[in-house]
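Numbering (this note's numbering), first residue to last: 159 to 618. Presented below is the structure to which this report refers.
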Amino acid sequence: MSLTFAPAESKDAIALHLVPSEAVAPWMEGLPEAASGWCSRLGFSGAPGQAMLAPDGNGGVIAAAGYGSEEQRKRSRFPLAAAAATLPEGTYRLETDLEPDAANEAALSWLLAGYRFDRYKSGAAQKAKLVAPAGVDAARIEAIASGEALTRDLINTPASDMGPDELEDAARALASEFGADIDVTVGDTLLEKNFPLIHAVGRASPRAPRLIDMRWGQDGPAITLVGKGVCFDTGGLNLKPGASMGLMKKDMGGAAHVLGLARTIMALGLRIRLRVLVPAAENSVSGNAFRPGDVLTARNGKTIEINNTDAEGRLVLADALAYAGEETPDRVISMATLTGAARVAVGPDIAPFFTDDEDLAAALSSAARRMADPVWRLPFHEPYEAMIEPAIADLDNAPKGGFAGAITAALFLRRFAAPVSSYTHFDIYAWNANGAPGRPVGALQQGARAILGAIEDSLS
């Protein structure tokens with residue numbers, strides 16, 4: 159699938175006007191009589207995503223897309239994506255002047271409307287093409303869309319075809335495309351190289367656990383992305399009920415996010431030293447599965463009492479974060495589908511993040527608004543540290559009580575990110591249960607555009 163714009167020199171591109179609800183009447187007054195009458199008779203109201211073609215009176219057509227009011231746009235992102243999905247085949251050129259951020263969002267929304275997950279079932283491709291709006295960096299928007307498409311494809315693929323080995327294949331293909339270096343530690347070699355938690359979580363599966371380590375770039379700040387790659391989570395011996403297991407193919411969503419973000423970063427050629435770490439495993443049930451009550455020792459020597467084998471994501475991340483910190487990069491960012499508590503706190507559409515880096519927190523919030531990628535900062539609340547300290551080990555992987563689950567999980571991970579001075583953790587959902595413009599039912603990328611924007615801002 160190619161999420162790209164039509165060539166800028168496209169001839170006979172149809173003029174496309176974005177019309178806010180409150181501007182419909184004056185816009186119609188400025189149209190040729192034939193077009194104005196047509197739009198009026200067909201009830202064009204400027205509602206978000208509404209689209210129509212009208213005759214211009216000279217043998218051609220004018221295209222219009224409802225842009226909604228400012229209040230409507232606050233409640234529904236990507237209105238142009240809805241229009242892109244319904245406009246007939248043709249090439250369109252945006253005639254409406256937009257502020258730079260709005261133009262970028264409109265351009266991206268058009269491309270994302272063309273996303274299809276068609277590995278198992280063919281579907282009609284989007285036929286309407288857009289010339290990149292004036293002032294929009296077409297290559298940048300295409301790189302962002304391509305990175306999101308990779309993230310969605312990886313998450314949408316069922317675990318039967320997306321285990322640790324296939325996730326490694328995807329990382330190797332990405333490394334090959336952009337000339338990155340990659341090293342993978344597999345199976346019992348994890349024990350030899352001191353990644354005991356990744357091994358413990360994945361040892362019950364016939365598909366061997368592994369740590370994927372990709373590096374790219376020679377100059378600039380060192381930024382390490384760590385993504386949870388649990389390719390399917392049964393819950394282990396603390397077996398999930400069937401209803402909770404149904405979406406667990408997306409439990410490698412953190413890995414999919416960092417790989418998709420890495421794709422965008424490399425395509426844009428950002429001047430950073432990028433490292434991507436993906437602990438990939440399948441949390442299965444067999445005679446050698448790790449057990450509730452076990453005490454495991456992590457790479458950095460901390461001991462962890464296992465009170466629930468379904469809290470396995472923080473375990474595989476612990477080894478990877480400890481490994482990342484050994485090089486003391488400038489920043490470490492982890493992404494994971496980690497806790498249901500995060501969904502309770504902010505719902506499925508917002509990506510909460512934790513950081514002690516005040517400058518990065520401000521940059522993420524600013525970039526999120528600019529790039530239509532909602533995030534929200536939650537605290538590393540230190541009085542809760544006692545909740546993750548059990549009686550017989552350094553840490554508890556699943557503290558009892560049911561309160562502040564997203565915060566205690568983030569505090570747990572922070573214990574392993576030292577001595578990095580800037581550590582940020584995203585607790586994402588990575589799934590859209592209700593179709594929306596540019597965001598069909600299925601995998602969803604969250605937080606990656608905000609991270610990209612913050613990185614770009616730091617380099618400018």
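Glycine included, each C-beta is placed from N, C-alpha and C at the ideal position.
Cα-Cα separation, proline 595 to asparagine 446 = Start at 1 with the first residue of the sequence shown, and residue 595 comes out as number 437. Start at 1 with the first residue of the sequence shown, and residue 446 comes out as number 288. Computed Cα separation, rounded: 45 angstroms.
Residues bridged to lysine 287 by DSSP?
-> Here residue 287 is taken as the residue at index 129 of the sequence shown, counted from 1. Beta bridge pairing from DSSP links lysine 287 with Thr249.
Leucine 473 beta carbon less than 9 angstroms from that of alanine 358 = Here the question's residue 358 lines up with position 200 in the sequence shown. Here the question's residue 473 lines up with position 315 in the sequence shown. Yes, Cβ-Cβ distance for alanine 358 and leucine 473 is below 9 angstroms.
Out of curiosity, what's the CA-to-CA distance linking glutamate 228 and alanine 476?
-> The residue labelled residue 228 in the question sits at position 70 within the sequence shown. The residue labelled residue 476 in the question sits at position 318 within the sequence shown. If I take the Cα positions, the gap works out to 44 angstroms.
Touching or not, the segment 511–519 and the segment 417–428, by the rule of three or more beta carbon pairs under 8 angstroms?
-> Taking 8 angstroms as the limit for Cβ pairs, the verdict is that the segment 417–428 does not touch the segment 511–519.
Would you tell me roughly how many angstroms separate the C-alpha atoms of glutamate 296 and alanine 329, rounded to the nearest one?
-> Within the sequence shown, the letter at position 138 stands for residue 296. Within the sequence shown, the letter at position 171 stands for residue 329. The sequence as given places alanine at residue 296; glutamate does not occur at that position. So the alpha carbons of these two residues sit roughly 25 angstroms apart.
Determine the direct distance from the alpha carbon of alanine 438 to that of alanine 530, and round the result to whole angstroms.
-> As a first step, residue 530 is located in the sequence shown; it is residue number 372 there, counting from the start. As a first step, residue 438 is located in the sequence shown; it is residue number 280 there, counting from the start. It is roughly 30 angstroms from the alpha-carbon of alanine 530 to the alpha-carbon of alanine 438.
Quick one: what does DSSP say methionine 372 is sitting in, helix, strand or coil?
-> Locating residue 372 in the sequence shown gives position 214, counting from the first residue. DSSP places methionine 372 in strand when its eight states are reduced to three.
Starting from the C-beta of lysine 558, find all residues in its chain whose C-beta is less than 8 angstroms away, skip the five residues before and the five after it, and write them out in chain order.
-> For this step, residue 558 is matched to residue 400 along the sequence shown. Only residues of its own chain outside the window of five on either side were considered, and among them Asn465 have a CB closer than 8 angstroms to the CB of lysine 558, listed in chain order.
Counting only the same chain and skipping the five closest in sequence on each side, list residues whose C-beta sits under 8 angstroms from that of glycine 600.
-> Indexing the sequence shown from 1 puts residue 600 at position 442. Shown here for glycine 600: same chain residues with a beta carbon closer than 8 angstroms to its own, the five before and five after excluded, namely Phe275, Arg310, Ile313, Asn314, Trp589 and Asn590 in chain order.
Distance, aspartate 339 Cα to tryptophan 374 Cα | The residue given as residue 374 occupies position 216 in the sequence shown. The residue given as residue 339 occupies position 181 in the sequence shown. About 6 angstroms.
Do the CB positions of leucine 479 and valine 384 come within less than 9 angstroms of each other?
-> Here residue 479 refers to the residue found at position 321 when the sequence shown is read from its first residue. Here residue 384 refers to the residue found at position 226 when the sequence shown is read from its first residue. In this structure, leucine 479 lies near valine 384, with their beta-carbon atoms less than 9 angstroms apart.
At 4 residues or longer, and completely inside the segment 392–419: list those alpha helix (DSSP H) runs for me, N to C.
-> Listed in chain order, they are 400–403.
Selection from Ile609, Glu335, Gly360 and Phe336 that minimises the alpha carbon distance to threonine 347 | Numbered from 1 along the sequence shown, position 189 holds the residue referred to as residue 347. For the residues Ile609, Glu335, Gly360 and Phe336, the minimum Cα distance to threonine 347 belongs to Gly360.
Output the residue ranges of the beta strand (DSSP E) runs that lie fully inside the segment 512–539 and measure 3 residues or longer, sorted by chain position.
-> Unbroken beta strand (DSSP E) runs of no fewer than 3 residues, entirely contained in the segment 512–539, are found at 533–536, following chain order.
Are there three or more Cβ pairs, one per stretch, closer than 8 angstroms when the segment 252–265 is compared with the segment 162–182?
-> Yes, the segment 252–265 is in contact with the segment 162–182.
Residue burial classification, tyrosine 278 (beta-carbon count within 10 angstroms, cutoff 16) = Walking along the sequence shown from the start, residue 278 turns up at place 120. Classification for tyrosine 278: exposed.
How would you write the range of the beta strand (DSSP E) that phenylalanine 584 sits in, first residue to last?
-> Taking the first residue of the sequence shown as 1, we reach residue 584 at position 426. 581–585 is the span of the beta strand (DSSP E), which, as asked, contains phenylalanine 584.
By DSSP, does phenylalanine 570 sit in helix, in strand, or in coil?
-> For the purposes of this step, residue 570 is taken as residue 412 along the sequence shown, with counting starting at 1. Helix.
By a C-beta neighbour count over all protein chains shown, 10 Å radius and 16 as the cutoff for buried, is leucine 553 buried or exposed?
-> Sequence index remark: in the sequence shown, residue 553 carries index 395 (1-based). Note on leucine 553: 16 or more other CB atoms within 10 angstroms of its CB, so buried under the neighbour-count rule.
Three-state secondary structure (DSSP) at threonine 347?
-> Working through the sequence shown from its first residue, we reach residue 347 at position 189. Helix at threonine 347.
With which residues is alanine 209 paired in a DSSP beta bridge?
-> Taking the first residue of the sequence shown as position 1, residue 209 is located at position 51. DSSP lists Ala223 as partners of alanine 209.
Glycine 127 versus proline 379 - alpha carbon distance = Nothing in the structure corresponds to residue 127, since the chain is present only between 159 and 618.
Per-residue burial, proline 237 [other beta carbons within 10 Å of its own, 16 or more giving buried] | The residue you call residue 237 lines up with position 79 of the sequence shown. Residue environment: proline 237 is assigned as buried (16 or more neighbouring CB atoms within 10 Å of its CB, all protein chains considered).
Bounding residues of the alpha helix (DSSP H) (the contiguous stretch that carries asparagine 314) | Position 156 of the sequence shown, counted from the start, is the residue given in the question as residue 314. According to the DSSP assignment, asparagine 314 belongs to the alpha helix (DSSP H) that extends over 296–314.
When the Cα atoms are used, what is the spatial distance from leucine 211 to isoleucine 220?
-> Working through the sequence shown from its first residue, we reach residue 211 at position 53. Working through the sequence shown from its first residue, we reach residue 220 at position 62. Distance between the alpha carbons of leucine 211 and isoleucine 220: 6 angstroms.
Neighbour-count burial assignment, alanine 544, 16 or more Cβ in a 10 Å radius = If you number the sequence shown from 1, residue 544 lands on position 386. It counts as exposed.
How should isoleucine 550 be labelled, buried or exposed, when 16 other C-beta atoms within 10 angstroms of its C-beta is the threshold for buried?
-> Residue numbering aside, residue 550 sits at position 392 when the sequence shown is read from its first letter. Answer is exposed; the Cβ neighbour count stays below 16.
In the structure shown, what three-state DSSP assignment does threonine 467 receive?
-> Here residue 467 corresponds to residue number 309 of the sequence shown, with the count starting at 1. DSSP places threonine 467 in coil when its eight states are reduced to three.
Residues in its own chain within less than 6 angstroms of methionine 406 by CB, not counting five upstream and five downstream?
-> As a working mapping, residue 406 is identified with position 248 in the sequence shown. Correct list, in chain order: Phe390 and Asp391.
Could you give the DSSP three-state label for alanine 319: helix, strand or coil?
-> To locate residue 319, count along the sequence shown from 1; it is residue 161. Looking at the sequence itself, residue 319 is aspartate, so the reference to alanine does not match. The three-state secondary structure of aspartate 319, taken from DSSP, is helix.
Does DSSP put aspartate 452 in a helix, in a strand, or in coil?
-> If you number the sequence shown from 1, residue 452 lands on position 294. Looking at aspartate 452 - three-state DSSP - the assignment turns out to be coil, as it is neither helix nor strand.
Alpha-carbon spacing of valine 434 relative to leucine 270, whole angstroms = Numbered from 1 along the sequence shown, position 276 holds the residue referred to as residue 434. Numbered from 1 along the sequence shown, position 112 holds the residue referred to as residue 270. Their Cα atoms are separated by approximately 25 angstroms.
Between the Cα of valine 388 and the Cα atoms of Pro541, Met320 and Glu440, which residue gives the shortest distance?
-> By one-based count along the sequence shown, residue 388 stands at place 230. With distances taken between CA atoms, valine 388 lies nearest to Glu440 out of Pro541, Met320 and Glu440.
How about valine 578 and glycine 483: are their beta carbons less than 9 angstroms apart?
-> Locating residue 578 in the sequence shown gives position 420, where the first residue counts as 1. Locating residue 483 in the sequence shown gives position 325, where the first residue counts as 1. Between valine 578 and glycine 483, the C-beta spacing is below 9 angstroms.
Just to confirm, are isoleucine 508 and leucine 432 a CB contact at a threshold of 9 angstroms?
-> Start at 1 with the first residue of the sequence shown, and residue 508 comes out as number 350. Start at 1 with the first residue of the sequence shown, and residue 432 comes out as number 274. No; because the gap between Cβ atoms is not below 9 angstroms, this pair is not in contact.
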